[in-house]
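Participant: Before we start, here is the structure in question, set down as structure tokens.
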Amino acid sequence: MASQVVPHEEVVTLKHHFANDEQQLDASTIGMWVFLVTEIMFFGGLFLAYFAYRQAYPAAFASASNKTNLWLGAANTTVLICSSLTMAMAVHSASLGKRTLLVLFLILTLILGGVFLGVKAYEYHDKWVHHEVPGAHFDCEGCDDAGHAPLFFSLYFGMTGLHATHMLVGFVILSIIIVQASRGKFTAKWYTPVEMFGLYWHFVDIVWIFLFPLLYLIDRSHTGLK
Amino acid sequence: MITAPAPVKETKNYLNAQTGLKSWLLTGDHKRIAVMYLIVVTAFFALGGVFASLIRLELATPAGDLMESNQYNKVFTMHGVLMVFFFLIPSIPATLGNFLIPLMIGAKDLAFPKINLLSWYIYMLGGVFTLYVLLTGGVDTGWTFYTPFSTSYSNGYVVAAGLGIFINGFSAILTGLNFIVTIHRMRAPGLTWFRLPLFVWAHYATSAIMILGTPVVAVTLFLLVLERGLHIGFFDPAYGGDPVLFQHLFWFYSHPAVYIMILPSMGVISEVISTFSSKKPFGYTFIAFSSVAIAVFGFLVWGHHLFVAGQSIYAGLVFSILSYVVAIPSAIKVFNWAATMYKGRVRLETPMLYALGFIGLFTVGGLTGIFLSSLGMDVHLTDTYFVVAHFHYVMVGGALLGYLAGLHFWWPKIFGRMYSQVWSKVSAALVFVGFNLTFFPQFLLGYMGMPRRYHVYPPEFQVFNVLSSAGASVLALGLILPAIYLTWSLKHGAIASANPWGATGLEWQTSSPPISENFEVTPVVTTEAYDYSTVPQEVVHVG
Amino acid sequence: MSDHNEQHHIVPIRVYIAVFLTLIAMTWVTAYVSTVDLGRLNIFVALSIAIFKASLVILFFMHVKYGTKLTKMIVLAGLYWLLLLLFIAMADLWTRGWMGVPGR
């Protein structure tokens, strides 16, 4: 029943409790998707809080949202989508067994992720300087309904912070995978970690695809593209 | 921390395959991880029990003579936190489920053994946080952590307690994830979905709830910790927030969590009733799908915890109606169990006694749930002892009795030893009597208007409270007994055969205790589940 | 074991590029549309574009289009439960003001 597969390298990639490679890969894929479902629900709680307060305090949310930098937000979205493309290309290269391309695309993904986090850090700093961080020093100049404006920034920092935490975790895992890839751990036959990490990275991208319009793009018509 | 029991047989099994503490702490074997869970879950249960005893001791008299209000708040909070998050939720899935699911489906292990071990360590880490809270002064918010009390006014260790439960949640998520993947992809050849034991169906539904619900309470507690620790407003009206939103998020998980506790128990009961009636469960598909239905409907009713919290009356009406709907799949199960026993060859062994207790007590718990889900009635009964009695009938009468039934049923399989039949039956009787004596008077107290979470009460409530406290001591005795005779059996119990109860199911076809790889040869399933014609009818009991 | 590679559907690179270009274009479209006053429609447009973009990522970058039925089911279950959480809780908030609070 249990057949052991030994690839060309000496690495045995089939664990003892699986019957074959197909079962093992399927298990990883299902497991990863189930994990991503838990992530959807994890962010879901924050999205509920967002919708609840946005519908309760539209004026506060609109004016507070206008304090974000639309250009930086859109540019960062672009950066993240680029990193999703390079990640998809990395998985593609892995499936064809092209080691150099795989490493190259993974490094590109890492760099783009770094750029995103850098821009995010700049934006956080900007918020801090302008007293837009909820707490004792909060002072949102020109915010309507100033009593509820902090809620927007609570959610802004809660959501983007949780997103950035996911990016940071991804950063660490990606670095490990780059080292493994450059050492030739992955073959066209077995590159499950690259594939699973790809799913994670795209998921983080999707979260941002929703965060961008919800946090940066409320009621921009009065202020325009600035 | 743990030493393997003396070798049961000369042959190798999972208990004696390797020795030494390290071989346990670094194991990937689902059976060993289940035993490790069994030990710590029992320890947390005992600790939760200590707090329960303190509560009953204090309530024996109307005056607050044992502790101050503040201490009492901390005692019932710790009782709730320990019992809900550290006992009831992991009790059956992490111990019996972990041990049995691979065996029942003819697999060598769960899909992700390392993640399984990780979930145990995460559970322990969450436990360490909670014990830290316990030792440094406790937390007084109740296990529900309602805002704004928890974020702005409580003087307990809310942040540490919140983090403990946040961390603990991930152990349940990982267990659920592992079960779902395992049940989907690791079944033995020929084992189709409708040949699965009902225990596996119940755990599949439970895992779905763990996956879908737990992350929401995790993020809720994360926000709670942010609000309390960093004063970033989310729920507190002082920061413009809405405390009812916290309750929505909290109960979106915590109501389905009730089904995380009860569904595995129902799975156990289906197995036990069928085995000790030597009959295929009546309405197999109905029982199987009712587990899934409970998991799905369970997510639609959370608002019945918010009837008097300021929720919209229209939402309240809808939640009230939907709450009635959950009664249907629950009733389907009860009727099917009864029909399974009808004209069956019923044997009143210990697991069966617990299972019968379960059916009676769960029915009372379920029916009183209907009272509480009706909007008008609930306004009268909210936060009274009626609620306390109701959920203890479900949680103790249901979940705990199911756990005990399962533990007694599979004990010979897990450790290869039989326990004392006499003492175990005494224990089952004491638990049943003690439980009813403890909690039935609380229905009356609640109906008369005694609120929960107060340690001082008017003297006219004393009679029922004394009855309740007396019952609690009987219950405690009934629960201490198994700890003694089960532990004793590890060394001195009679050797159990592979299938001491005459049960069907793959787990009974391998040795007791099973070998590390579970089966000598991967089994091939060719028959429906619960085919008693294949089991020898002359089953001899040892012990 | 010989059929191993059949589980990996190799997506042509041009598909990735097409998806990528659409995603970039939609990002700037949604940014631009937000500056046009559509009243209450603004949020629906923004969310529709976001859902469209997310679907592209899920279907093509995450290979769900080429995945098993089970994968599709898991994804749909996740989204369904997210909607349950959002809509049922919002239903309370939407209807809370319909009837006044006694004593206020």
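Chains V, A and U are the protein sequences, given in the same order.
Sequential numbering from 161 applies to the first sequence in the working numbering.
Sequential numbering from 24 applies to the second sequence in the working numbering.
Sequential numbering from 17 applies to the third sequence in the working numbering.
Cβ atoms here follow ideal geometry from the backbone N, Cα and C, with glycine treated the same way.
Mark I378/V as exposed unless 16 or more other C-beta atoms lie within 10 angstroms of its C-beta, in which case mark it buried.
Facilitator: I378/V comes out buried.
Participant: Whole alpha helix (DSSP H) runs in the region 56 to 93 of chain U with 4 or more residues, listed along the chain?
Facilitator: Listed in chain order, they are 57 to 72.
Participant: Could you have a look at H177/V and say whether DSSP puts it in helix, strand or coil?
Facilitator: Coil at H177/V, not helix or strand.
Participant: Taking its Cβ as the centre, do 16 or more other Cβ atoms sit within 10 Å of F370/V, making it buried, or is it exposed?
Facilitator: F370/V should be labelled buried.
Participant: Tell me, please, whether the CB atom of H177/V is closer than 9 Å to any CB atom in chain A?
Facilitator: Judged by the 9 Å Cβ criterion, H177/V is in contact with chain A.
Participant: Hey, how far is the Cα of I196/A from the Cα of E483/A?
Facilitator: Each residue's Cα considered, the two are about 46 Å apart.
Participant: In angstroms, rounded to a whole number, what distance separates the CA positions of H226/A and G290/A?
Facilitator: Approximately 7 Å between the Cα atoms of the pair.
Participant: Inspect the beta-carbon positions of I206/A and F322/A and report whether they are closer than 9 Å.
Facilitator: Not in contact: I206/A and F322/A (Cβ atoms no closer than 9 Å).
Participant: In the DSSP assignment, the alpha helix (DSSP H) including T237/A goes from what residue to what residue?
Facilitator: 221 to 253 is the extent of the alpha helix (DSSP H) around T237/A.
Participant: Mind pulling the chain A residues with CB within less than 7 Å of V194/V?
Facilitator: L200, I203, V204, I234, listed in chain order.
Participant: If you measure beta-carbon to beta-carbon, which residues of the region 80 to 97 of chain U are closer than 8 Å to chain V?
Facilitator: Under the 8 Å Cβ criterion, the region 80 to 97 of chain U contributes G83, T84, L86, T87, I90, V91, A93, G94, L95, W97.
Participant: Whole angstroms is fine: what's the gap from K287/V's alpha carbon to Y32/U's?
Facilitator: The alpha-carbon atoms of K287/V and Y32/U are separated by roughly 36 Å.
Participant: Please check if any C-beta of chain A sits within less than 9 Å of the C-beta of D286/V.
Facilitator: Not closer than 9 Å to any Cβ of chain A, the Cβ of D286/V fails to qualify, so no.
Participant: Going along chain V, which residues have a C-beta under 8 Å from L140/A?
Facilitator: Within 8 Å Cβ-Cβ: nothing; L140/A doesn't reach chain V, min ~14 Å.
Participant: When the Cα of L268/A is compared with those of L286/A, G252/A, L244/A, which residue comes out closest?
Facilitator: Nearest option by C-alpha distance: L244/A.
Participant: Just to check my reading of the structure: N121/A and I56/A have Cβ atoms closer than 8 Å, yes? What is that Cβ distance to the nearest angstrom?
Facilitator: About 6 Å separates the two Cβ atoms, so the contact holds.
Participant: Closer than 7 Å between beta carbons: that is the criterion. Which residues of the region 333 to 367 of chain V meet it against chain U?
Facilitator: Result list: K349, L359, H362, D365, I366.
Participant: Who are the neighbours of T111/U on chain A, taking C-beta pairs under 7 Å?
Facilitator: Correct list: S335, Y337, A338.
Participant: Out of A451/A, A261/A, L430/A, K356/A, point me to the one whose CA is closest to A499/A's CA.
Facilitator: Ranking the options by Cα distance to A499/A, first place goes to A451/A.
Participant: Count the other C-beta atoms from every protein chain shown that fall within 10 angstroms of the C-beta of G273/V, then say buried if there are 16 or more, exposed otherwise.
Facilitator: Classification of G273/V: buried, given that the 10 Å Cβ count is 16 or more.
Participant: Quick one: Cα of K280/V to Cα of T228/V, how far?
Facilitator: Straight-line Cα distance between these residues: approximately 11 Å.
Participant: Would a C-beta distance cut-off of 9 Å place I334/V and L262/V closer than the cut-off?
Facilitator: Looking at the sequence shown, residue 334/V is not Ile but Leu. Contact flag unset, no.
Participant: Looking at C-alpha atoms only, which residue of H308/V, A248/V, Y282/V, L232/V is the closest neighbour of Y376/V?
Facilitator: Out of H308/V, A248/V, Y282/V, L232/V, L232/V has the C-alpha closest to the C-alpha of Y376/V.
Participant: Do we get a CB-CB distance below 9 Å when we pair I297/V with the residues of chain U?
Facilitator: The question names Ile, but residue 297/V in the sequence shown is His. By this cut-off, H297/V is not an interface position.
Participant: Give me the Cα-Cα distance between A362/A and G306/A, rounded to the nearest whole angstrom.
Facilitator: Cα to Cα, A362/A sits roughly 9 Å from G306/A.
Participant: With a CB to CB cut of under 7 Å and the five nearest residues on each side skipped, what residues in its chain are close to L272/A?
Facilitator: So the qualifying residues of the chain are V239, T243.
Participant: Go ahead and pull the three-state DSSP assignment for T215/A.
Facilitator: Looking at T215/A - three-state DSSP - the assignment turns out to be coil, as it is neither helix nor strand.
Participant: Could you have a look at R597/A and say whether DSSP puts it in helix, strand or coil?
Facilitator: Because residue 597/A is not part of the residues shown, which for chain A are 24 to 566, the question remains open.
Participant: How long is the line joining the alpha carbons of F202/A and L490/A, rounded to whole angstroms?
Facilitator: Approximately 42 Å between the Cα atoms of the pair.
Participant: Between L99/U and chain A, is the shortest Cβ-Cβ distance under 9 Å, so that the two count as touching?
Facilitator: False, the Cβ-Cβ gap to chain A never drops below 9 Å.
Participant: I'd like to confirm the pairing. Which residues does DSSP put opposite R440/A in its beta bridges?
Facilitator: According to DSSP, R440/A bridges with I518/A.
Participant: Please classify H515/A as buried or exposed, where buried requires at least 16 other C-beta atoms within 10 Å of its C-beta.
Facilitator: H515/A comes out exposed.
Participant: Could you say if the region 424 to 435 of chain A and the region 369 to 385 of chain A meet the contact criterion of at least three C-beta pairs nearer than 8 Å?
Facilitator: In short, these stretches touch, since the Cβ pair count reaches three.
Participant: List the residues of chain A whose Cβ lies closer than 7 Å to the Cβ of T320/V, in chain order.
Facilitator: The contacting residues do not exist; T320/V stays about 13 Å from chain A at best.
Participant: Can you pull the chain V residues whose beta carbon is under 7 Å from the beta carbon of V239/A, in chain order?
Facilitator: Within chain V, the residues near V239/A are M201, G204, G205.
Participant: For V31/A, count neighbouring C-beta atoms within 10 Å of its own C-beta (all shown protein chains included) and say buried if the count is 16 or more, exposed if not.
Facilitator: In this prediction, V31/A scores a pLDDT of 46, lower than 50, which makes its location untrustworthy; the coordinate-derived value is nonetheless stated afterwards. V31/A is buried by the Cβ-count criterion.
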